[in-house]
Amino acid sequence: MLVAPNQSEEIRVGVAAGRSVGPAVVRNRAKRLLRAAMQSFLPDLKPGWDLLLLARKPLPEAGYWKVRAVLEMLLEKAHLLMRSTNESRLRE
RNA sequence: CAGGUCGGUCGGGCGGUCGCGGCCCUGGUACAGGGUCGAGGAAAGUCCGCGCUCCACAGGGCAGGGUGCCGGGUAACACCCGGGGCGCCGUAAGGUGCCGGACAGGGCCACAGAAACAUACCGCCUCGGAUGAGGUAAGGGUGAAAUGGUGGUGUAAGAGACCACCGGCGAGCGCAGUAAUGCGCCGGCCAGGCAACCCCCACCCGGAGCAAGGCCAAGCAGGGACCAUCCCUUCGGGGUAAGGGCGGCCCGUCCAAGGGUCCCGGGUAGGCCGCUAGAGCCGCCGGGAGACCGGUGGCCCAGAGAGAUGACCGCCCAUCUCCUUCGGGAGUGGACAGAACGCGGCUUAUAGACCGGCCUGGGUG
RNA sequence: CGGGGUGUAGCGCAGCCCGGUAGCGCACGUGCAUUGGGGGCAUGUGGUCGGCGGUUCAAAUCCGCCCACCCCGA
């Protein structure tokens, strides 16, 4: 994941998968997985940042929940999550 | 029941919730809502064969390439079906490989061996004192390959020289079969191998590919070379011709107007069509040994642009791993892969499941 | 999507058309020479010929099928 400030009140997320990930169908699936995982975090993110998610080779084998967990870890490391709402969601 | 073998089918199912792409409708336009459809048996490799489009109307010859037992199927094939011969594996069902021509010609056959396609090293026999000369191919030896095997007759020694049986060979005759071929008779002992080396024979193939090709819009700047004819004329005629269509060459043929061809330079990187209703799929009936063919009823089944078909939850089926008190329990959660003119094949990848035919072994009646 | 090419020693390449011996350069080992190094000379090591089948007595070479890499085409 690459992160950069964008001087606005919006969050923008890009997804990419290079040729090393696999053939076209596998690359598409990797991108869909990242988008789907990102979807669930969108309401809890701090505004004003651009994110770029890069798929690496073993990603399509991981499955949805694993990708989600790793993504959560990355977002926390970047201090982009708004704690309170996140915790409330976990309690649910 | 167990093991094997051949052929065929499927390759997750149901329900719910979020998504993605094409088309249609509505609002209305950088969007939203509704409806509907949305990967495969290999979509793959691009190894063959067709359709389609352009190149001239697809012509002739050469070169080049392909196929190669026989008959059939097909739009066509190197594919499929049925049959034949020879070899190998298997108890069997069955599997698997090969198949025009080596008296049309050329070439090659390393090493070894006397000799590799026409011969005689050792040996055997005869003549002879010996060198040697002649006869011979049974035995030895070399090799991937050296004039068939066994027994006999015969002989100086031997040999298909002759005889019996077997093996192979024959473009000889008869019968059966559409044919490959099979069976019988007869003949004579007949000289290797490689044509996935050139070649010969028969048959087939023009070249390119949807970035084919057609239409529209936008944009730009021109320059150079060659040909476009020239020559002779006794006015009948005769001679000469660049370039391109024609993506190997030749012939033949076409282009010739104020035009053609080539080179350099400049501009564009947009849209529409082609683009999916077809050698189509499913069912039934009929023909056929089968591949397949004919008839009939129903169905419409992705089509975009650097390119969409997935995720989550619950239940079920199958897989794999572990535990087991053999009842089951826990986890895992599916193989190979994925359209971009379209078809028919071949080849390659593929966890597993199901159905049917046949063979072998065991048990029971 | 279509068309074409290459694969041989650690590296770069011959050999393949026309079948029998796999060779060249660099690199590497040893020795000579030098006070020592480089260079030189001599000598040596090293290759499933991309993989699997087939033809042949015999395959890097001929014929199929796969694999990997590279190039070209509006």
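Just so you know, we're using the numbering used here here: the first sequence kicks off at 4 and counts up by one.
The C-beta atom is built at its ideal place from N, Cα and C for all residues, glycine as well.
Nothing here was measured: the structure is a model prediction, and the numbers come from that model.
Identified DSSP bridge partners for residue i
i, result
"aspartate 53", "Ala7 and Arg15"
"alanine 58", "Ala20"
"leucine 48", "Leu84"
CA-to-CA distance, residue j to residue i, given in whole angstroms
i, j, result
"methionine 85", "leucine 77", "14 Å"
"histidine 82", "arginine 38", "20 Å"
"arginine 92", "lysine 34", "Bear in mind that a pLDDT of 43 at arginine 92, under 50, signals an unreliable position, so the model cannot answer this."
"alanine 20", "lysine 49", "25 Å"
"valine 24", "arginine 71", "19 Å"
"glutamate 12", "leucine 45", "14 Å"
"glutamine 10", "glycine 51", "6 Å"
Where the alpha helix (DSSP H) containing residue i begins and where it ends
i, result
"methionine 85", "Looking at the DSSP string, methionine 85 is not in any alpha helix (DSSP H), and its letter there is neither H nor E."
"leucine 37", "27-42"
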